[in-house]
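Sequential numbering from 350 applies to the sequence shown in this note's numbering. Report on one structure; see the data block that follows.
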Amino acid sequence: MRKYRENKSTFLLVLATIIVFNYVDYLLTIRVLRAGGQELNPIMARLFEISPVVAATAKLGTVGAAVLVLLMLRRYRRTLEASLVLLLAFTALMFYHAALAIRIA
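Structure representation (C-alpha coordinates):
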(Lines of atoms letter the chains of each structure in order from A and count residues from 1; the text may use other names and numbers.)
(Lines give C-alpha, C1' and ligand atoms only; values in the text may rest on other atoms or scores of the structure.)
Protein backbone atom coordinates (compact mmCIF):
# COMPACT_ATOMS: atom_id res chain seq x y z
CA MET A 1 0.00 0.00 0.00
CA ARG A 2 2.97 2.30 0.65
CA LYS A 3 4.07 2.18 -2.99
CA TYR A 4 0.52 2.97 -4.09
CA ARG A 5 0.40 5.98 -1.74
CA GLU A 6 3.79 7.26 -2.85
CA ASN A 7 3.11 6.86 -6.58
CA LYS A 8 0.72 9.75 -7.14
CA SER A 9 0.36 9.06 -10.85
CA THR A 10 -0.93 5.54 -10.20
CA PHE A 11 -3.47 6.87 -7.70
CA LEU A 12 -4.59 9.54 -10.19
CA LEU A 13 -4.88 6.88 -12.91
CA VAL A 14 -7.13 4.80 -10.64
CA LEU A 15 -9.33 7.84 -9.92
CA ALA A 16 -9.49 8.77 -13.62
CA THR A 17 -10.45 5.20 -14.50
CA ILE A 18 -13.25 5.30 -11.93
CA ILE A 19 -14.59 8.49 -13.52
CA VAL A 20 -14.36 7.07 -17.05
CA PHE A 21 -16.00 3.77 -16.06
CA ASN A 22 -18.79 5.68 -14.30
CA TYR A 23 -19.46 7.68 -17.46
CA VAL A 24 -19.34 4.57 -19.65
CA ASP A 25 -21.75 2.88 -17.21
CA TYR A 26 -24.16 5.76 -17.68
CA LEU A 27 -23.93 5.58 -21.49
CA LEU A 28 -24.36 1.81 -21.53
CA THR A 29 -27.31 2.04 -19.15
CA ILE A 30 -28.97 4.46 -21.56
CA ARG A 31 -28.41 1.92 -24.33
CA VAL A 32 -29.91 -0.89 -22.25
CA LEU A 33 -32.95 1.22 -21.35
CA ARG A 34 -33.52 2.12 -25.01
CA ALA A 35 -33.33 -1.59 -25.88
CA GLY A 36 -36.14 -2.31 -23.42
CA GLY A 37 -34.04 -3.25 -20.40
CA GLN A 38 -34.38 -1.84 -16.94
CA GLU A 39 -32.20 -0.10 -14.40
CA LEU A 40 -31.56 -2.45 -11.47
CA ASN A 41 -30.64 0.28 -8.99
CA PRO A 42 -33.99 1.55 -7.63
CA ILE A 43 -32.67 5.04 -6.93
CA MET A 44 -31.24 5.41 -10.43
CA ALA A 45 -34.40 3.87 -11.91
CA ARG A 46 -36.45 6.64 -10.31
CA LEU A 47 -34.02 9.29 -11.50
CA PHE A 48 -34.18 7.92 -15.05
CA GLU A 49 -37.98 8.09 -14.84
CA ILE A 50 -37.66 11.79 -14.08
CA SER A 51 -35.10 12.42 -16.83
CA PRO A 52 -31.86 10.97 -18.17
CA VAL A 53 -30.28 14.38 -17.50
CA VAL A 54 -31.30 14.20 -13.84
CA ALA A 55 -29.90 10.66 -13.65
CA ALA A 56 -26.64 11.76 -15.30
CA THR A 57 -26.29 14.74 -13.00
CA ALA A 58 -26.83 12.60 -9.90
CA LYS A 59 -24.61 9.72 -11.06
CA LEU A 60 -21.73 11.72 -12.44
CA GLY A 61 -21.92 14.30 -9.67
CA THR A 62 -21.96 11.76 -6.85
CA VAL A 63 -19.03 9.76 -8.17
CA GLY A 64 -17.17 12.93 -9.10
CA ALA A 65 -17.59 14.26 -5.56
CA ALA A 66 -16.48 10.92 -4.12
CA VAL A 67 -13.35 10.99 -6.28
CA LEU A 68 -12.56 14.52 -5.08
CA VAL A 69 -12.90 13.38 -1.46
CA LEU A 70 -10.60 10.43 -2.15
CA LEU A 71 -8.10 12.78 -3.75
CA MET A 72 -8.16 15.15 -0.76
CA LEU A 73 -7.77 12.30 1.74
CA ARG A 74 -5.21 10.22 -0.17
CA ARG A 75 -2.73 10.20 2.71
CA TYR A 76 -4.98 7.76 4.63
CA ARG A 77 -4.75 4.03 4.11
CA ARG A 78 -8.55 3.56 4.15
CA THR A 79 -8.86 6.10 1.34
CA LEU A 80 -6.40 4.16 -0.77
CA GLU A 81 -8.30 0.96 -0.03
CA ALA A 82 -11.60 2.65 -0.91
CA SER A 83 -10.21 3.79 -4.26
CA LEU A 84 -9.23 0.23 -5.12
CA VAL A 85 -12.62 -1.14 -4.01
CA LEU A 86 -14.36 1.44 -6.22
CA LEU A 87 -12.12 0.52 -9.13
CA LEU A 88 -12.93 -3.16 -8.61
CA ALA A 89 -16.67 -2.42 -8.41
CA PHE A 90 -16.67 -0.38 -11.60
CA THR A 91 -14.53 -2.97 -13.37
CA ALA A 92 -17.07 -5.65 -12.42
CA LEU A 93 -19.81 -3.36 -13.73
CA MET A 94 -17.99 -3.06 -17.05
CA PHE A 95 -17.88 -6.88 -17.31
CA TYR A 96 -21.60 -6.99 -16.52
CA HIS A 97 -22.32 -4.47 -19.30
CA ALA A 98 -20.13 -6.45 -21.70
CA ALA A 99 -22.07 -9.65 -20.95
CA LEU A 100 -25.34 -7.76 -21.37
CA ALA A 101 -24.19 -6.27 -24.67
CA ILE A 102 -23.40 -9.74 -25.99
CA ARG A 103 -26.93 -10.88 -25.12
CA ILE A 104 -28.56 -7.78 -26.66
CA ALA A 105 -26.56 -7.96 -29.89
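All C-beta atoms, glycine included, are put in the ideal place defined by N, C-alpha and C.
Under the three-pair Cβ rule at 8 Å, the segment 425–439 counts as touching the segment 365–377.
By the neighbour-count definition (other C-beta atoms within 10 Å, threshold 16), Thr378 is a buried residue. Cβ contact annotation for Val416 (same chain, cutoff 7 Å, sequence separation greater than five): Leu364, Ile367 and Ile368, in chain order.
CA-CA distance, Ala394 to Ser400, rounds to 10 Å. DSSP places Ala450 within a helical segment (H, G or I) once states are collapsed to three.
C-alpha of Ala441 to C-alpha of Leu362: approximately 17 Å in a straight line. In this structure, DSSP gives Asn371 a helical state, which the three-state scheme calls helix.
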